[in-house]
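Peer 1: Starting off with a structure, shown below.
Number of protein chains: 2
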Amino acid sequence: MSAEVGEVLVGKKPTASYIQAILTAAARGVSEVVLKARGRNISKAVDVSQLALRIVLKDFEVSNVSIGSEEVAGGRRVSTIEIRMRKKA
Amino acid sequence: MSAEVGEVLVGKKPTASYIQAILTAAARGVSEVVLKARGRNISKAVDVSQLALRIVLKDFEVSNVSIGSEEVAGGRRVSTIEIRMRKKA
Chain A
1 MSAEVGEVLV GKKPTASYIQ AILTAAARGV SEVVLKARGR NISKAVDVSQ LALRIVLKDF
61 EVSNVSIGSE EVAGGRRVST IEIRMRKKA
Chain B
1 MSAEVGEVLV GKKPTASYIQ AILTAAARGV SEVVLKARGR NISKAVDVSQ LALRIVLKDF
61 EVSNVSIGSE EVAGGRRVST IEIRMRKKA
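Rendered as structure tokens:
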């Protein structure tokens, strides 16, 4: 089993683009996939994780979800999420 | 310390409505607040948690975040999130 991690930043593209990125990571044999998103894209990141677990990463499971916030330009704060999915033991 | 839990369903209302609901729960002396949301409202639930921790629940911290999906009318699936915040030990 590879110890390599696939990191996918979920932004404004359609959900399918991120599923494709995860497929590519899966083809590389990664043992962990990390999805990161901010603001409005947080909902999309959760959608991507659920879809990926159902159709691409069938032998993976969510190992950790963490949320937080970051200061961006203008002192405004934006919420963040990090979803870690690992190959089942 | 109360063992009571305040549950807040984050939906279509403005963020401030949910902060108000949390304020009400905090005034009741709850030791745990649980935010639940589905679909597009997931991003808002994370915003509500971050704002609440900064301005209302200053002695609380995120104790668990779980994500999943549910089948809704028409066999469509919708993503879900549950954010638990607990009074710091």
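Just so you know, the protein sequences line up as chains A and B, in that order. For reference, each letter of the first sequence is one residue, going 1 to 89 in this note's numbering. For reference, each letter of the second sequence is one residue, going 1 to 89 in this note's numbering. Every residue, glycine too, gets a C-beta built ideally from N, C-alpha and C.
1. When we look at the beta-carbon of B/I67 and count the other beta-carbons within 10 Å, is it buried (16 or more) or exposed?
2. Tell me whether B/L79 is buried or exposed, calling it buried when 16 or more other Cβ atoms sit within 10 Å of its Cβ.
3. A/S2: buried (16+ other C-beta within 10 angstroms of its C-beta) or exposed?
4. Using 10 angstroms around the beta-carbon of A/K88, count the other beta-carbons present and answer buried if the total reaches 16, otherwise exposed.
5. Can you tell me which of the three DSSP states B/S79 falls into?
6. Could you name the residues of the same chain whose beta carbon sits closer than 8 Å to that of A/S49, not counting the 5 residues immediately before and after it, in chain order?
7. Could you name the residues of the stretch 41-65 of chain A whose beta carbon sits closer than 7 Å to any beta carbon of chain B, in the order they occur along the chain?
8. Out of curiosity, what's the CA-to-CA distance linking B/K44 and A/L53?
9. Between the Cα of A/I81 and those of B/K58, B/G75, B/I42, spot the shortest distance and give me the residue it belongs to.
10. Are the C-beta of B/G6 and some C-beta of chain A separated by less than 9 Å?
11. Counting contacts by CB-CB distance shorter than 9 Å, is B/M1 in contact with chain A?
12. Is it the case that the Cβ atoms of B/V46 and B/V5 are separated by a distance below 9 Å?
13. Is B/I81 close to chain A? Criterion is C-beta to C-beta, closer than 9 Å.
14. Using alpha carbons as the reference points, say which of A/D59, A/G75, A/N64 lies closest to A/S31.
15. Could you check if B/I69 is buried or exposed, using at least 16 other CB atoms within 10 Å of its CB as the buried criterion?
Peer 2: In this structure, then:
1. Buried.
2. Note that residue 79 of chain B corresponds to Ser in the displayed sequence, not to Leu. With 16 or more other Cβ atoms inside 10 Å of its own Cβ, B/S79 counts as buried.
3. Confidence is the limiting factor: at A/S2 the pLDDT is only 47, short of 50, which leaves the residue's position unreliable, though a coordinate-based value still follows. Taking all protein chains in view, the Cβ of A/S2 is surrounded by fewer than 16 other Cβ atoms within 10 Å, so the residue is classified as exposed.
4. Result: exposed.
5. Note: B/S79 maps to strand in three-state DSSP.
6. The beta carbon of A/S49 is closer than 8 Å to those of L35, V62, I83, M85 in its chain, skipping five residues each way along the sequence.
7. If you check each beta-carbon in the stretch 41-65 of chain A against every beta-carbon of chain B, the ones closer than 7 Å belong to I42, S43, V46, D47, S49, Q50, V62, V65.
8. B/K44 and A/L53 have their C-alpha atoms roughly 23 Å apart.
9. When B/K58, B/G75, B/I42 are compared, the shortest CA-CA separation from A/I81 is found for B/I42.
10. Using beta-carbon distances, B/G6 does not count as an interface residue toward chain A, since no partner is under 9 Å.
11. Any reading at B/M1 must be qualified, since the residue scores a pLDDT of 46, below 50, and its modelled position is unreliable; no value is offered.
12. Cβ distance not < 9 Å, so B/V46 and B/V5 don't count as in contact.
13. Yes, B/I81 counts as interfacial toward chain A.
14. Selected option, being the one with the closest Cα: A/D59.
15. Checking the sequence, you will find Ser at residue 69 of chain B rather than Ile. Looking at its Cβ environment, which holds 16 or more other Cβ atoms inside 10 Å, B/S69 is buried.
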